[in-house]
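J.: Mind looking over this structure? Questions follow.
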Amino acid sequence: MTAEGVEELRDELRRLETEERAKVVEQIKTAREWGDLKENSEYHAAKDAQAHLETRILRLREKLLSAEVVEAGASGDGTARFGASVTFEDERSGQSQTFRLVASHDANPSAGALSVESPIGAALNGRGVGQLVEVHTPKGVRRLRITAVS
Numbered sequence: 138m139t140a141e142g143v144e145e146l147r148d149e150l151r152r153l154e155t156e157e158r159a160k161v162v163e164q165i166k167t168a169r170e171w172g173d174l175k176e177n178s179e180y181h182a183a184k185d186a187q188a189h190l191e192t193r194i195l196r197l198r199e200k201l202l203s204a205e206v207v208e209a210g211a212s213g214d215g216t217a218r219f220g221a222s223v224t225f226e227d228e229r230s231g232q233s234q235t236f237r238l239v240a241s242h243d244a245n246p247s248a249g250a251l252s253v254e255s256p257i258g259a260a261l262n263g264r265g266v267g268q269l270v271e272v273h274t275p276k277g278v279r280r281l282r283i284t285a286v287s
């Protein structure tokens with residue numbers, strides 16, 4: 138995971154532990170004031186929200202504890218690796234695209250972030266400028282030529 142990715146997780150954890158916890162506690166408090174808890178759907182919904190929130194907080198803490206920060210970007214020899222931006226051209230369509238290789242939880246292809254675990258990301262990872270990679274997709278085999286790595 139990149140240092141940037143770790144910081145994003147820390148920010149989310151802080152927000153959940155402060156703002157979101159306070160909101161859920163207030164929802165529970167308000168629902169309790171409405172009386173009979175057995176038949177109080179708002180109370181049960183708030184308690185469910187609290188359970189989901191605490192689970193998310195626990196998972197974020199575990200992820201941060203096990204996270205290994207790696208230096209992002211192109212390797213010294215110009216090959217693509219985690220954190221690098223890779224530009225490639227589809228041999229069939231001639232279309233050129235640029236993506237940053239990221240961890241799966243940071244992937245967002247429409248924003249230019251491609252998981253290194255995705256078929257295209259895995260094919261590009263470890264390859265250099267000028268190399269041709271074949272990617273098997275649901276629409277068939279795509280042949281991509283790497284044109285830049287930074």
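My numbering puts the first residue of the sequence shown at 138, with every later residue one more than the last. Where a beta carbon is used, it is the ideal one built from N, C-alpha and C, also for glycine. Please read these numbers as outputs of a predicted model, since none were measured by experiment.
(1) Classify Arg198 as helix, strand or coil using the three-state DSSP reduction.
(2) Look up Glu157 in the DSSP assignment and say whether it is helix, strand or coil.
(3) Just the Cα atoms here: how many angstroms apart are Gln232 and Glu226?
(4) Terminal residues of the continuous beta strand (DSSP E) containing Ala250?
(5) Reducing DSSP to helix, strand and coil, say where Glu205 ends up.
(6) Flag this pair as yes or no: are the beta carbons of Leu251 and Ala260 separated by less than 8 angstroms?
T.: Reading from the atomic positions:
(1) The answer is helix: DSSP assigns Arg198 an H, G or I state.
(2) Three-state result, Glu157: helix.
(3) Computed Cα separation, rounded: 6 angstroms.
(4) Secondary structure note for Ala250: its beta strand (DSSP E) is the uninterrupted segment 250-252.
(5) Look at Glu205 here: in three-state DSSP terms it is coil, with no helix or strand label.
(6) Contact: no.
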